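Visitor: In the numbering used here, the protein residues as written are 745 to 1103.
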């Protein structure tokens, strides 16, 4: 029987197929990428990019920018605005924030918070000293201790005069001023809470007498909204001082009345118009129109840099009267008129001394 020629080939193929199997190539093991690896890779990529940029002849982004000069200018600006101790002020602010976050603070029965007041006084200082160039006179007339009632004129469309007066008392007399404010102040969101924190309370005889009896400095602006909302054409003309309620409180507490005359607030927001219908709709005593507001929008809220002078007059004693005299309407009228006339005449003199309102 003839043999097939393909048999050896088949045997060879079968032998080749049944030979030892080759093992599959081993896959490389993956290693976890650490933060150090990522940082090194990023640094290498940045260096490579910088190298390519230099090779291409392109200048780095910071080339030509005087970074050192800019930093020096920023520091100098901070020193001019905040003073040379601006770094310590920032450190004090941060320390205060930490304490408050830990609940390490106290308030009195009216909600007065000395820590918040210190922070806000420091924040107001650049506005008072640099922008308004505040000049304070007669600071020696504020008692070093014990109660007293500070009575001031009210002006400026926005009542910044109360804030600046509080700053002056704290800065130059070392005492906290406890403002007596209108009901509207405490009904405004955020404003009412801040007012309580800085020591303000309602302008009522009960609160005023309690503050004065405990040796506090209370501040009152008897003109109220009629004072700050009067037209610019009537600047520095005092409005009615009410019925003498502040005199009654001072007499009952047997504390002196210190007349306070403020020049400079009338010019910060010159009131040239009013929208009474819209003001009533919003529940406001007036809606001011100034040469810059609402024409310039939010920029119109920046106060003009007028020159300010605050003079604390000689105290008017009330301990010469019996506390029961606080019920005598004629006596209250006479003392109220004396305080008002003292402030008005002082304003005239300060205006002559100041000259131009802005230079």
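Beta carbons are placed, not taken as given, at the ideal position from N, Cα and C, and that holds for glycine. Computed from a prediction, not measured in an experiment: that's the story for all the values here.
Suppose the cutoff is 6 Å on Cβ atoms and the five residues either side in sequence are ignored; what does the same chain contact list for residue 965 look like?
Guide: Residue 965 sits at position 221 when you count from the first residue of the chain shown. Closer than 6 Å at Cβ, skipping near neighbours: 896 and 898.
Visitor: Under three-state DSSP, which class holds residue 962?
Guide: Here residue 962 corresponds to residue number 218 of the chain shown, with the count starting at 1. Strand at residue 962.
Visitor: Here's the rule I'm using: 16 or more other beta-carbon atoms within 10 Å means buried, otherwise exposed. How should residue 931 be labelled?
Guide: Residue 931 sits at position 187 when you count from the first residue of the chain shown. Residue 931 is exposed by the Cβ-count criterion.
Visitor: What does DSSP give as the partner residues of residue 945 in its beta bridges?
Guide: On the chain shown, position 201 is the one that residue 945 refers to. BP columns for residue 945 point to 924.
Visitor: Taking Cβ to Cβ, would you say residue 881 is nearer than 8 Å to residue 1060?
Guide: Reading the chain shown from its first residue, position 137 is the one you call residue 881. Reading the chain shown from its first residue, position 316 is the one you call residue 1060. Cβ atoms of residue 881 and residue 1060: not closer than 8 Å.
Visitor: Can we say the segment 986 to 995 touches the segment 1074 to 1086, given the rule of at least three CB pairs closer than 8 Å?
Guide: Touching, yes, given that three or more Cβ pairs across the two stretches are closer than 8 Å.
Visitor: For residue 846, which of helix, strand or coil comes out of DSSP?
Guide: Locating residue 846 in the chain shown gives position 102, where the first residue counts as 1. Here residue 846 sits in coil by DSSP.
Visitor: Mind reading off the beta-carbon distance from residue 1018 to residue 1003? Whole number of angstroms is fine, and I expect it under 8 Å.
Guide: On the chain shown, residue 1018 is found 274 positions in, with the first residue counted as 1. On the chain shown, residue 1003 is found 259 positions in, with the first residue counted as 1. Rounded, the Cβ-Cβ distance is 29 Å, inconsistent with contact.
Visitor: State yes or no: is the C-beta of residue 939 within less than 8 Å of the C-beta of residue 925?
Guide: Position 195 of the chain shown, counted from the start, is the residue given in the question as residue 939. Position 181 of the chain shown, counted from the start, is the residue given in the question as residue 925. Yes, Cβ-Cβ distance for residue 939 and residue 925 is below 8 Å.
Visitor: Is the beta carbon of residue 893 sitting closer than 8 Å to the one on residue 947?
Guide: Residue numbering aside, residue 893 sits at position 149 when the chain shown is read from its first letter. Residue numbering aside, residue 947 sits at position 203 when the chain shown is read from its first letter. Contact: no.
Visitor: Just the C-alpha distance for residue 777 and residue 841, rounded to the nearest angstrom, thanks.
Guide: Counted from its first residue, the chain shown places residue 777 at position 33. Counted from its first residue, the chain shown places residue 841 at position 97. Low per-residue confidence applies at residue 777: pLDDT is 48, beneath 50, and the placement is therefore not dependable enough to give any value.
Visitor: Which first and last residues belong to the beta strand (DSSP E) in which residue 1003 is found?
Guide: Here the question's residue 1003 lines up with position 259 in the chain shown. Start and end: 1001 to 1007.
Visitor: Put residue 888 into one of helix, strand or coil per three-state DSSP.
Guide: On the chain shown, residue 888 is found 144 positions in, with the first residue counted as 1. Note: residue 888 maps to coil in three-state DSSP.
Visitor: Which runs of the beta strand (DSSP E) at least 3 residues long sit entirely within the segment 1004 to 1074? Give them in chain order.
Guide: Whole beta strand (DSSP E) segments, 3+ residues: 1053 to 1056.
Visitor: Residue 895 bridges to which residues according to DSSP?
Guide: The sequence position of residue 895 within the chain shown is 151, counting from 1. 964 and 1003.
Visitor: So residue 960 packs on residue 996, CB below 8 Å; how close in whole Å?
Guide: Locating residue 960 in the chain shown gives position 216, where the first residue counts as 1. Locating residue 996 in the chain shown gives position 252, where the first residue counts as 1. 14 Å between Cβ atoms; not a contact.
Visitor: Roughly how many angstroms lie between the CA atoms of residue 801 and residue 817, to the nearest whole one?
Guide: Here residue 801 is taken as the residue at index 57 of the chain shown, counted from 1. Here residue 817 is taken as the residue at index 73 of the chain shown, counted from 1. At residue 801 the pLDDT is 48, less than 50, meaning the model places this residue with poor confidence and gives no usable figure here.
Visitor: The alpha helix (DSSP H) that contains residue 996, what's its start and end?
Guide: Translated into the one-based positions of the chain shown, residue 996 becomes position 252. Note, residue 996: alpha helix (DSSP H), 989 to 997.
Visitor: Considering only C-alpha positions, which residue in the set 874, 858 and 920 is nearest to residue 888?
Guide: Translated into positions along the chain shown, residue 888 becomes position 144. The candidate whose alpha carbon is nearest that of residue 888 is 920.
Visitor: Taking buried to mean at least 16 other C-beta atoms within 10 Å of its own C-beta, is residue 832 buried or exposed?
Guide: Residue 832 sits at position 88 when you count from the first residue of the chain shown. Counting Cβ neighbours within 10 Å, residue 832 comes out exposed, since fewer than 16 surround it.
Visitor: My assumption, with CB atoms under 8 Å, is that residue 854 sits in contact with residue 945. Please give the rounded CB distance.
Guide: If you number the chain shown from 1, residue 854 lands on position 110. If you number the chain shown from 1, residue 945 lands on position 201. Yes, they are in contact, since the Cβ atoms of residue 854 and residue 945 sit about 5 Å apart, within 8 Å.
Visitor: How is residue 800 classed by DSSP in three states: helix, strand or coil?
Guide: Position 56 of the chain shown, counted from the start, is the residue given in the question as residue 800. Low local confidence applies: a pLDDT of 48 at residue 800 is under 50, so the model's placement there is unreliable, with the coordinate-based value given in what follows. Helix, per DSSP.
Visitor: Under 8 Å, do residue 979 and residue 1010 count as touching if we go by C-beta distance?
Guide: Against the chain shown, residue 979 aligns to sequence position 235. Against the chain shown, residue 1010 aligns to sequence position 266. Yes. Within cutoff.
Visitor: Who are the near neighbours of residue 936 in its chain, counting only those whose CB is closer than 6 Å to its CB and skipping five residues on each side?
Guide: Taking the chain shown and counting its residues from 1, one reaches residue 936 at position 192. Answer for residue 936: 930, listed in chain order.
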